[in-house]
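Participant: Just dropping this structure here.
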Amino acid sequence: MTGLDRRALLRGGLGVGAGALASGAVVPPVLGAGTKGSPALLRSGRPGLTHGVQSGDVTARTATVWARADRASRLLVEVSRDPAFRNPRRLAGPVVSSATDFTGKVQLRGLPAASELHYRIRPVDPDDAGTDGEPLVGRLRTAPLSRRDISFVWSGDIAGQGWGVNPDLGGFPMADALLSMDPDFFLCSGDTVYADGPVQREVLLPNGQTWRNIVTEEKTKVAETLAEFRGQYKYNLLADNWRRFLARTPQVNQWDDHEVTNNWYPGEVLDDDRYTVKEVDVLAARASRAFHEYQPIAPARRDSAGRIYRVLRYGPLLDVFVLDMRSCKDPNTSNREPVADGGVLGREQTAWLERELGASRAVWKVIAADLPIGLVVGDGATAFEGIANADPGRPLGRELDLAQVLSFLKRQGIRNHVWLTADVHYTAAHHYSPERAAFTDFDPFWEFVSGPLNAGGFGPAALDATFGPTAVFSETPPRPNTSPAEGHQYVGEVAIDGDTGQLTVRLRGIDGSIRWSTTLDPHAR
1 MTGLDRRALL RGGLGVGAGA LASGAVVPPV LGAGTKGSPA LLRSGRPGLT HGVQSGDVTA
61 RTATVWARAD RASRLLVEVS RDPAFRNPRR LAGPVVSSAT DFTGKVQLRG LPAASELHYR
121 IRPVDPDDAG TDGEPLVGRL RTAPLSRRDI SFVWSGDIAG QGWGVNPDLG GFPMADALLS
181 MDPDFFLCSG DTVYADGPVQ REVLLPNGQT WRNIVTEEKT KVAETLAEFR GQYKYNLLAD
241 NWRRFLARTP QVNQWDDHEV TNNWYPGEVL DDDRYTVKEV DVLAARASRA FHEYQPIAPA
301 RRDSAGRIYR VLRYGPLLDV FVLDMRSCKD PNTSNREPVA DGGVLGREQT AWLERELGAS
361 RAVWKVIAAD LPIGLVVGDG ATAFEGIANA DPGRPLGREL DLAQVLSFLK RQGIRNHVWL
421 TADVHYTAAH HYSPERAAFT DFDPFWEFVS GPLNAGGFGP AALDATFGPT AVFSETPPRP
481 NTSPAEGHQY VGEVAIDGDT GQLTVRLRGI DGSIRWSTTL DPHAR
């Protein structure tokens, strides 16, 4: 990886007080009249970037930037506090090749904290430094080291249930609201793509109007091959306003089910005529490779089973714990086993989570969970997909994993933990209290639900009483699989006040309007 120290940045002209990057300065890829919406080559004879630029897993000192070229190229990165890139710091990135579908990442190190930085990536012919392509520009904000105001947004469920990239609406309707909110980062709580969700060119809406989708070859069937899984990510990046948002906003991405197929678990064998490959483990391996190729996830040590979970430190006010509740799930059954077996987090991840929560000195601990805690999500007539099992009594099955973590938090006196999730395709605020619960060995806490970002609207789901939840707020669509054209797409916003430490949650609709909000006061540990 390429290092970038603070002195080098300052020598390279990263002056204090650079202004915000104007939306018009983000150069989108040129999407020509390629077959079924595929990107056309940008410049004949020269390399080009095909799907915009992205950044992710940004901390106070580091960031990972991403791009994809149309051929073998070296990625050159320039970084500056100055949006005009006067005297930028330059870094030579990797040579991308067909081995990664021409995608590549560059990790930036030694960045100045609490700073707005601009970056641009240019592809260069690896055999001829004089043959280069046009650069694409992005922006990111690094995390603070002192108490500062922080804001971020979260959602999930992108291009699902047949609702794909709509060119009449700029791509994904929600993206325009996200752009206007200008958050420090975006947390995608899973279902970053719908690998099991083909799209049709036109869908008739209940009001007689027509929803139009861009259609690519990879989106005409369920994904089975590596190329088809890669095509899911390329498809989402055909949305013009989505590329603009990602170029301006660092991401934190989670892994869930639709990156592979609906409600999957390790070892599953599919009973689905759409698939010729029935072994989910084979599909998941290919899907995981595409996920890591196409997401700006920082290099990280994976656990013994290859899962990736991580904590992002965001100064003295915020730590974000990013879970993987999919990769070690046990089979979807009645979910009422009497003995804890690590069926949703796994023992290794549970130990990691408890260790990191215990070590955290941040005021707020945001736990990003790709599955909701108390919502009953079925998988067929008698099985359950999520944590809850519709039994209001003592914890059983996967609930035992959560009970262990909640008891640990109480025992260690760790307060101010807030759980964020998506998955169920509506928005809600749930308060959990031992006063209402069958299991009482935990302190009260909140869980906030958002999504979908661009998928069918569903809900509501029933709440399981084991941990004593109550739905303080819920907004759901009028019918199953309500289209984004009818609204009922949601994003959550978290804002932490640098002076008071108060955390405000706002649940917003497709136009950015606030549907519900609350402000939480921090408790001393």
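Residues 1 to 525, numbered by the working numbering, are exactly what the sequence shown covers, in order. The beta-carbon is built from N, C-alpha and C at its ideal position, and this holds for glycine as well. Predicted model, so just to flag it, every value in this text is computed and none were measured.
1) By Cβ distance below 6 Å, which residues in the same chain neighbour threonine 519 in space, the five residues on each side in sequence not counted?
2) Helix, strand or coil for tyrosine 309, going by three-state DSSP, please let me know.
3) Report the start-end ranges of each beta strand (DSSP E) in the segment 101-147 that is 3 residues or longer and not cut off at the edges.
4) When DSSP labels each residue in this structure, what does arginine 289 get in the three-state scheme?
5) Is glycine 56 a contact residue of the ligand NAD, with contact defined as CB to any heavy atom under 7 Å?
6) Where does glutamate 279 sit, in a helix, a strand or coil, going by DSSP?
7) Would threonine 482 be called buried (16 or more neighbouring beta carbons within 10 Å of its own) or exposed?
8) On the three-state DSSP scale, how would you describe phenylalanine 245?
9) Across which residues does DSSP place glycine 492 in a beta bridge pair?
10) From what residue to what residue does the beta strand (DSSP E) around threonine 210 run?
11) To the nearest angstrom, how far is it from the Cα of leucine 205 to the Cα of alanine 247?
12) Under DSSP, the alpha helix (DSSP H) around tryptophan 255 begins and ends at which residues?
13) Measure the C-alpha to C-alpha separation of arginine 595 and proline 183 and round it to an integer number of angstroms.
14) Identify whether alanine 351 lies in helix, strand or coil by the three-state DSSP scheme.
15) Measuring alpha carbon to alpha carbon, tell me which of Gln489, Lys219, Leu49 and Asp70 ends up nearest proline 478.
16) So, for tryptophan 264: in the same chain, excluding its five sequence neighbours on each side, which residues have a beta-carbon less than 6 Å away from its beta-carbon?
17) Following the continuous alpha helix (DSSP H) through glutamine 232, name the residue where it begins and the one where it ends.
18) List the DSSP bridge partners of arginine 378.
19) Looking at the structure shown, is aspartate 319 part of a helix, part of a strand, or coil, going by DSSP?
20) Do tryptophan 66 and phenylalanine 172 come within 8 Å of each other at the CB atom, strictly closer than that value?
21) Under 8 Å between the Cβ atoms of valine 96 and serine 73?
22) With DSSP as the reference, label threonine 64 as helix, strand or coil.
23) Considering only residues of the same chain and omitting the five flanking positions on each side of arginine 336, which have a CB-CB separation below 7 Å?
24) Is it right to say alanine 428 is buried, meaning 16 or more other beta carbons lie within 10 angstroms of its own, or is it exposed?
25) Given a cut-off of 8 Å, decide if alanine 290 and leucine 226 are closer than it, judged by their beta-carbon atoms.
26) Check the C-beta distance from arginine 90 over to leucine 317 and give it rounded, since I have them as a contact under 8 Å.
27) By a C-beta neighbour count over all protein chains shown, 10 Å radius and 16 as the cutoff for buried, is arginine 508 buried or exposed?
28) Which of the three DSSP states, helix, strand or coil, is assigned to threonine 192?
29) Is it buried or exposed, isoleucine 158, if we count other Cβ atoms within 10 angstroms and call 16 or more buried?
30) Roughly how many whole angstroms lie between the Cα atoms of threonine 269 and alanine 351?
31) For lysine 221, which residues of its own chain have a beta-carbon under 6 Å away from its beta-carbon, when the five flanking residues on both sides are left out?
32) What separation, rounded to the nearest whole angstrom, lies between the Cα atoms of aspartate 127 and threonine 64?
33) When the distance is taken between beta carbons, is proline 299 closer than 8 Å to glutamine 107?
34) Could you give the distance in angstroms between the alpha-carbon of valine 252 and the alpha-carbon of glutamine 54?
35) Between the C-alpha atoms of threonine 537 and histidine 430, what's the straight-line distance to the nearest angstrom?
36) Name, in chain order, the residues that DSSP records as bridge partners for glutamate 447.
Facilitator: From the atom records:
1) To locate residue 519, count along the sequence shown from 1; it is residue 519. Around threonine 519: Gln502 and Thr504.
2) By 1-based counting over the sequence shown, the position of residue 309 is 309. Of the three classes helix, strand and coil, the one that applies to tyrosine 309 here is coil, per DSSP.
3) 103-108, 116-124 and 136-141
4) Residue numbering aside, residue 289 sits at position 289 when the sequence shown is read from its first letter. DSSP places arginine 289 in helix when its eight states are reduced to three.
5) The ligand NAD is absent from the structure shown, which contains no ligand whatsoever.
6) Translated into positions along the sequence shown, residue 279 becomes position 279. Strand at glutamate 279.
7) Taking the first residue of the sequence shown as 1, we reach residue 482 at position 482. Flag for threonine 482 reads buried.
8) Position 245 of the sequence shown, counted from the start, is the residue given in the question as residue 245. Of the three classes helix, strand and coil, the one that applies to phenylalanine 245 here is helix, per DSSP.
9) On the sequence shown, residue 492 is found 492 positions in, with the first residue counted as 1. Glycine 492 pairs with Trp154 and Leu507.
10) For the purposes of this step, residue 210 is taken as residue 210 along the sequence shown, with counting starting at 1. From DSSP, the beta strand (DSSP E) with threonine 210 extends over 210-212.
11) As a first step, residue 205 is located in the sequence shown; it is residue number 205 there, counting from the start. As a first step, residue 247 is located in the sequence shown; it is residue number 247 there, counting from the start. Looking at the backbone, the Cα of leucine 205 and that of alanine 247 are separated by about 32 Å.
12) Here residue 255 corresponds to residue number 255 of the sequence shown, with the count starting at 1. That residue, tryptophan 255, is in no alpha helix (DSSP H); it is neither H nor E in DSSP.
13) Residue 595 is absent from the model: the chain starts at 1 and stops at 525.
14) Position 351 of the sequence shown, counted from the start, is the residue given in the question as residue 351. Alanine 351: helix per DSSP, three-state reduction.
15) Locating residue 478 in the sequence shown gives position 478, where the first residue counts as 1. Put simply, of Gln489, Lys219, Leu49 and Asp70 the residue whose alpha carbon is nearest the alpha carbon of proline 478 is Gln489.
16) Start at 1 with the first residue of the sequence shown, and residue 264 comes out as number 264. Closer than 6 Å at the Cβ level, and outside the excluded window around tryptophan 264, lie Asp257 and Val280.
17) Start at 1 with the first residue of the sequence shown, and residue 232 comes out as number 232. Run containing glutamine 232: 226-236, per the alpha helix (DSSP H) assignment.
18) Position 378 of the sequence shown, counted from the first residue, corresponds to residue 378. Sequence inspection shows glycine at residue 378; the arginine mentioned does not correspond to that position. Bridge partners of glycine 378: Phe384.
19) Counting from 1 along the sequence shown, the entry for residue 319 is found at position 319. Residue state, collapsed to three classes: strand.
20) As a working mapping, residue 172 is identified with position 172 in the sequence shown. As a working mapping, residue 66 is identified with position 66 in the sequence shown. No, the pair does not count as a contact, with Cβ atoms beyond the cut-off.
21) Residue mapping note: residue 96 aligns to position 96 of the sequence shown, counting from 1. Residue mapping note: residue 73 aligns to position 73 of the sequence shown, counting from 1. Yes.
22) Numbered from 1 along the sequence shown, position 64 holds the residue referred to as residue 64. DSSP, reduced to helix, strand and coil, places threonine 64 within a strand of the structure shown.
23) Taking the sequence shown and counting its residues from 1, the one referred to as residue 336 is at position 336. Contacts found: Asn389, Asp391, Leu396 and Gly397.
24) The residue given as residue 428 occupies position 428 in the sequence shown. Buried, since its Cβ has 16 or more Cβ neighbours within 10 Å.
25) Working through the sequence shown from its first residue, we reach residue 226 at position 226. Working through the sequence shown from its first residue, we reach residue 290 at position 290. Yes, Cβ-Cβ distance for leucine 226 and alanine 290 is below 8 Å.
26) Start at 1 with the first residue of the sequence shown, and residue 90 comes out as number 90. Start at 1 with the first residue of the sequence shown, and residue 317 comes out as number 317. About 33 Å separates the two Cβ atoms, so there is no contact after all.
27) For the purposes of this step, residue 508 is identified with residue 508 of the sequence shown, where counting begins at 1. Buried.
28) Position 192 of the sequence shown, counting from 1, holds the residue named residue 192. Looking at threonine 192 - three-state DSSP - the assignment turns out to be coil, as it is neither helix nor strand.
29) On the sequence shown, position 158 is the one that residue 158 refers to. Counting C-beta atoms within 10 angstroms of its own C-beta, isoleucine 158 has 16 or more neighbours from the protein chains shown and is therefore classed as buried.
30) Residue 269 sits at position 269 when you count from the first residue of the sequence shown. Residue 351 sits at position 351 when you count from the first residue of the sequence shown. Residue identity differs from the one stated: residue 269 is valine in this sequence, not threonine. C-alpha separation (whole angstroms): 29 Å.
31) Counting from one through the sequence shown, the residue named residue 221 turns up at place 221. Within the same chain, lysine 221 has close Cβ partners Pro198.
32) Working through the sequence shown from its first residue, we reach residue 127 at position 127. Working through the sequence shown from its first residue, we reach residue 64 at position 64. When rounded, the distance between both Cα atoms is 25 Å.
33) For the purposes of this step, residue 107 is identified with residue 107 of the sequence shown, where counting begins at 1. For the purposes of this step, residue 299 is identified with residue 299 of the sequence shown, where counting begins at 1. Yes, the pair counts as a contact, with Cβ atoms nearer than the cut-off.
34) In the sequence shown, the residue the question calls residue 252 occupies position 252. In the sequence shown, the residue the question calls residue 54 occupies position 54. Computed Cα separation, rounded: 11 Å.
35) For residue 537 there is no data in the structure shown, the boundaries of the chain being 1 and 525.
36) Translated into positions along the sequence shown, residue 447 becomes position 447. In the DSSP output, where bridge partners are listed per residue, glutamate 447 has Trp419 and His430.
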